[in-house]
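*Asks:* Read top to bottom, the protein sequences are chains A and H. In terms of the working numbering, the numbers along the first sequence are unbroken and rise by one, the last being 280. In terms of the working numbering, the numbers along the second sequence are unbroken and rise by one, the last being 280.
Protein chains: 2
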Amino acid sequence: MNRPIQQRTLKTRARLLEAATEVISEAGYEALRVEQVVQRAGVAKGTFFAHFRDKDALMDQLIGARMDGFLDQIDRLPPPQSVDEIVAALMPLMSFMTCERYVFDLILRYSGAAARADIGPIAMTFERHGQSMARWLSGGPFRSDVSPALLAEGVQAFAIQAMALSFCALHADAPFQARLAEYLRAWLLPVSGGAGSGR
Amino acid sequence: MNRPIQQRTLKTRARLLEAATEVISEAGYEALRVEQVVQRAGVAKGTFFAHFRDKDALMDQLIGARMDGFLDQIDRLPPPQSVDEIVAALMPLMSFMTCERYVFDLILRYSGAAARADIGPIAMTFERHGQSMARWLSGGPFRSDVSPALLAEGVQAFAIQAMALSFCALHADAPFQARLAEYLRAWLLPVSGGAGSGR
DNA sequence: AATAATTATTGACCGCGGTCATTTTAGATG
DNA sequence: CATCTAAAATGACCGCGGTCAATAATTATT
Chain A
82 MNRPIQQRTL
92 KTRARLLEAA
102 TEVISEAGYE
112 ALRVEQVVQR
122 AGVAKGTFFA
132 HFRDKDALMD
142 QLIGARMDGF
152 LDQIDRLPPP
162 QSVDEIVAAL
172 MPLMSFMTCE
182 RYVFDLILRY
192 SGAAARADIG
202 PIAMTFERHG
212 QSMARWLSGG
222 PFRSDVSPAL
232 LAEGVQAFAI
242 QAMALSFCAL
252 HADAPFQARL
262 AEYLRAWLLP
272 VSGGAGSGR
Chain H
82 MNRPIQQRTL
92 KTRARLLEAA
102 TEVISEAGYE
112 ALRVEQVVQR
122 AGVAKGTFFA
132 HFRDKDALMD
142 QLIGARMDGF
152 LDQIDRLPPP
162 QSVDEIVAAL
172 MPLMSFMTCE
182 RYVFDLILRY
192 SGAAARADIG
202 PIAMTFERHG
212 QSMARWLSGG
222 PFRSDVSPAL
232 LAEGVQAFAI
242 QAMALSFCAL
252 HADAPFQARL
262 AEYLRAWLLP
272 VSGGAGSGR
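Encoded structure:
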């Protein structure tokens with residue numbers, strides 16, 4: 082029969098999360114070692130894995146929470162009326178997503194939930210981001226020949242492309258913001274239909 | 082002083098690559114263990130790492146080679162004249178890129194070279210793919226208000242988005258091809274410019 | 001309060017990628 | 001052929017994520 086969750090459990094989990102946050106703030110995400118976290122939290126290694134499926138699951142929690150904070154900021158903004166405003170609005174979130182190569186790679190891996198069962202925090206933020214984006218794009222001075230939902234997916238695709246290229250050895254020339262703005266202008270404000278010959 | 086490369090070296094590397102290929106064909110990419118590869122190749126573990134920086138570097142080689150094969154096929158095709166033809170042309174490559182979650186993640190990680198110094202085989206294929214794509218899109222019945230190079234980047238971004246969503250727990254509904262076709266129609270054949278009010 | 005049934009914690013242990021001081025081998029030199 | 005030297009190969013070792021049978025702590029039952 083389902084017994085209630087023990088307070089001990091909540092306390093231990095909180096201590097683990099706090100310890101992890103400390104380690105990250107001191108050394109960054111990539112440098113985090115599970116052993117270091119459990120040592121700080123004063124628990125055994127096995128306890129960690131009783132609370133988180135694996136190290137990535139902890140990262141999913143922590144990184145997802147940070148992303149959610151940036152989405153809160155975004156949702157407080159008035160709908161942007163230009164590509165430049167969109168880019169500006171997205172910048173804080175994007176900056177965080179690219180703060181470390183390790184973080185970006187992990188976000189990509191978890192952007193669509195790994196297993197069918199558990200959709201994690203990061204996957205949720207992508208969902209949320211898509212919805213906010215669709216809301217924005219349904220009202221503004223942007224193209225209307227495709228659905229706002231599709232426009233939003235495109236914005237996500239281009240944002241990821243721009244972020245990925247900012248890590249890229251080739252194409253390290255153009256700054257991230259300029260590239261994203263170029264993409265979004267072409268995506269959200271197309272000028273003509275067909276090629277040389279009219280349609 | 083620079084002595085010539087010993088034949089022993091080439092032979093050992095070839096044996097390692099062959100052994101790795103065998104293991105993969107039997108158990109898939111994700112299941113590959115370095116220890117198993119060196120055992121089959123009849124060399125010590127350390128030897129492996131004298132030939133490949135790490136396990137990922139081996140994967141970069143092998144996966145990059147496979148991708149290059151598919152690109153050869155693509156380059157033999159006549160320039161497609163519709164979105165459906167583009168999707169059809171890209172399918173074999175895409176299918177391989179998504180044959181395993183592990184493979185897709187690794188490709189993403191290596192799509193823009195990891196370190197500034199060494200651009201690996203996978204990164205090269207992305208470059209090549211972009212160029213082939215730009216060539217295709219500069220002639221056909223596609224939009225001409227942005228450069229073929231930019232169009233090509235968009236196709237890559239949408240292809241990656243479509244592949245990623247095919248692994249996604251949410252959005253596992255629409256089949257991969259249909260989604261990509263929808264993206265590319267919106268990207269390559271936009272109908273109007275602004276929203277409700279004309280521009 | 002004593003006992004039973006669950007749940008949480010522990011830490012020795014494992015798998016596997018990667019390292020490095022040491023040894024072996026290939027090939028140039030006298 | 002003997003000798004010397006740079007390159008290649010070796011395998012014991014390490015770091016670190018993750019497991020699991022055993023133990024401790026908590027809650028329900030009498």
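For each residue, glycine too, the CB sits at the ideal point set by N, CA and C.
What's the C-alpha gap between A/W217 and H/V272?
*Replies:* Cα-Cα distance, rounded: 20 Å.
*Asks:* Using only the alpha-carbon positions, how far apart do H/A108 and H/R114 sit?
*Replies:* Their backbone Cα atoms lie some 10 Å apart in a straight line.
*Asks:* At a cut of 8 Å, does the segment 240-248 of chain H reach the segment 201-217 of chain A through at least three beta carbon pairs?
*Replies:* Flag = no, the segment 240-248 of chain H and the segment 201-217 of chain A do not touch.
*Asks:* From the beta carbon of H/E166, is the nearest beta carbon of chain A less than 9 Å away?
*Replies:* Closer than 9 Å: no.
*Asks:* What separation, rounded to the nearest whole angstrom, lies between the Cα atoms of H/A253 and A/Y191?
*Replies:* C-alpha separation (whole angstroms): 15 Å.
*Asks:* According to DSSP, is A/H252 helix, strand or coil?
*Replies:* Residue state, collapsed to three classes: coil.
*Asks:* Please determine, among A/L189, A/K136, A/Q117 and A/P222, the residue with the shortest C-alpha to C-alpha distance to A/E166.
*Replies:* The shortest Cα separation from A/E166 among A/L189, A/K136, A/Q117 and A/P222 belongs to A/P222.
*Asks:* Which of the three DSSP states, helix, strand or coil, is assigned to H/V236?
*Replies:* Residue state, collapsed to three classes: helix.
*Asks:* Look up H/L35 in the DSSP assignment and say whether it is helix, strand or coil.
*Replies:* The first residue shown for chain H is 82 and the last is 280, placing residue 35 of chain H beyond what the model contains.
*Asks:* Here's the rule: buried if 16 or more other CB atoms are within 10 angstroms of the residue's CB, otherwise exposed. What is H/D199?
*Replies:* Per the 10 Å Cβ criterion, exposed.
*Asks:* Look up A/S228 in the DSSP assignment and say whether it is helix, strand or coil.
*Replies:* A/S228 falls in the coil class under three-state DSSP.
*Asks:* Alpha carbon to alpha carbon, what distance is there between H/L232 and H/A255?
*Replies:* Cα to Cα, H/A255 sits roughly 24 Å from H/L232.
*Asks:* Could you give the first and the last residue of the continuous alpha helix (DSSP H) run that contains A/V168?
*Replies:* That run of the alpha helix (DSSP H) goes V164 to M178.
*Asks:* For chain A, find out if any of its Cβ atoms is closer than 9 Å to the Cβ of H/L171; answer yes or no.
*Replies:* False, the Cβ-Cβ gap to chain A never drops below 9 Å.
*Asks:* Output the distance between the C-alpha atoms of H/M214 and H/A230, rounded to the nearest integer angstrom.
*Replies:* If you take the alpha carbons of H/M214 and H/A230, they lie about 8 Å apart.
*Asks:* By how many angstroms is the C-alpha of A/Q142 removed from the C-alpha of A/G201?
*Replies:* If I take the Cα positions, the gap works out to 8 Å.
*Asks:* Given that H/S192 touches chain A, what residues does it touch there, using C-beta distances under 8 Å?
*Replies:* Residues of chain A passing the Cβ test: A245 and C249.
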